[in-house]
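Participant: One structure, pasted below without further comment.
Numbering (the UniProt record's numbering), first residue to last: 1 to 203.
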């Protein structure tokens, strides 16, 4: 079965990658929100649950069976090997889920996968191209302050921990500028026209 082109969209917190994806949705393009789906799978997939409990203990889920994000974060914070083990449990299930979603949407013109962390096209993520959404750090901080009511210090710490803009540009096939000076809709429409003409690579 021929599968449609799969485009990855990524960017740092506050860059506006979700807004870009919503614009693609307005063009009737199906979107796989990988980070939201990973949270759902972590709560509902029995394979993930069993392995996370084996790795971190029963406290990884609360009394209602809900993933205990705060406890897990405290376990893996500043413990890179443990974080890698946790990701090695969750990421393969998300990738499998993505592939099933792609198959279910095989009739689409192309598909978009949104994720905060992404590899270069063709590297363990099955995407055919990567779109990186960029915005200046100060603008991103202001957006998150308005959206999340988080302390500014916490926001800047999150940005510091995330992949740098330079690293994201290295995996980018296309860049969308989401600063106050650039219009977003024409950029997305331009990409839409390009993706309608592209043929998917073998996956």
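Glycine is no exception: its CB is placed at the ideal position from the N, C-alpha and C atoms.
I think residue 93 touches residue 31, with their Cβ atoms under 8 Å apart; what is that distance to the nearest whole Å?
Facilitator: Position 93 of the chain shown, counting from 1, holds the residue named residue 93. Position 31 of the chain shown, counting from 1, holds the residue named residue 31. Not really, about 19 Å apart at Cβ, beyond 8 Å.
Participant: Which same chain residues, not among the five before or five after residue 51, have their C-beta less than 8 Å away from its C-beta?
Facilitator: Your numbering for residue 51 matches position 51 in the chain shown. Cβ within range, chain order: 89.
Participant: Which of the three DSSP states, helix, strand or coil, is assigned to residue 63?
Facilitator: As a position in the chain shown, residue 63 is number 63, starting the count at 1. DSSP places residue 63 in coil when its eight states are reduced to three.
Participant: Can you list, in chain order, the residues of its chain with a C-beta nearer than 7 Å to that of residue 25? Leave out the 5 residues immediately preceding and following it.
Facilitator: As a working mapping, residue 25 is identified with position 25 in the chain shown. Hits under 7 Å: 31.
Participant: So, does the stretch 124-140 touch the stretch 161-179, judging by three or more C-beta pairs under 8 Å?
Facilitator: Yes: the two stretches touch, three or more of their Cβ pairs being nearer than 8 Å.
Participant: Can you give me the start and stop residues for the beta strand (DSSP E) that residue 114 sits inside?
Facilitator: Taking the first residue of the chain shown as 1, we reach residue 114 at position 114. Where residue 114 is concerned, the enclosing beta strand (DSSP E) stretches over 110-114.
Participant: Start and end of the alpha helix (DSSP H) containing residue 155?
Facilitator: Start at 1 with the first residue of the chain shown, and residue 155 comes out as number 155. Taken as a continuous stretch (DSSP letters only), the alpha helix (DSSP H) holding residue 155 covers 152-161.
Participant: Could you pull out every unbroken beta strand (DSSP E) segment of at least 3 residues lying fully inside the stretch 4-30, listed in chain order?
Facilitator: You should have 5-10.
Participant: What are the boundary residues of the alpha helix (DSSP H) that includes residue 170?
Facilitator: For the purposes of this step, residue 170 is taken as residue 170 along the chain shown, with counting starting at 1. Here the alpha helix (DSSP H) through residue 170 covers 165-171.
Participant: Tell me the DSSP bridge mates of residue 132?
Facilitator: Taking the first residue of the chain shown as position 1, residue 132 is located at position 132. Answer by DSSP bridge pairing, in chain order: 10, 175.
Participant: Can you have a look at residue 44 and say buried or exposed, based on whether 16 or more other CB atoms are within 10 angstroms of its CB?
Facilitator: Walking along the chain shown from the start, residue 44 turns up at place 44. With fewer than 16 other Cβ atoms within 10 Å, it is exposed.
Participant: Using the rule of at least 16 other Cβ atoms within 10 Å of the residue's Cβ for burial, across every protein chain shown, is residue 66 buried or exposed?
Facilitator: Indexing the chain shown from 1 puts residue 66 at position 66. Flag for residue 66 reads exposed.
Participant: What residues in its chain sit with their C-beta under 6 Å from that of residue 168, if we drop five residues either side in the sequence?
Facilitator: Start at 1 with the first residue of the chain shown, and residue 168 comes out as number 168. The answer, listed in chain order, is 132.
Participant: Give me the Cα-Cα distance between residue 166 and residue 101, rounded to the nearest whole angstrom.
Facilitator: As a position in the chain shown, residue 166 is number 166, starting the count at 1. As a position in the chain shown, residue 101 is number 101, starting the count at 1. Cα-Cα distance, rounded: 31 Å.
Participant: In or out: residue 77 buried (at least 16 other Cβ within 10 Å) or exposed?
Facilitator: Against the chain shown, residue 77 aligns to sequence position 77. Result: exposed.
Participant: For residue 15, count neighbouring Cβ atoms within 10 angstroms of its own Cβ and tell me buried if that reaches 16, exposed if not.
Facilitator: The residue you call residue 15 lines up with position 15 of the chain shown. With 16 or more other Cβ atoms within 10 Å, it is buried.
Participant: What are the boundary residues of the alpha helix (DSSP H) that residue 193 is part of?
Facilitator: In the chain shown, the residue the question calls residue 193 occupies position 193. Residues 184-197.
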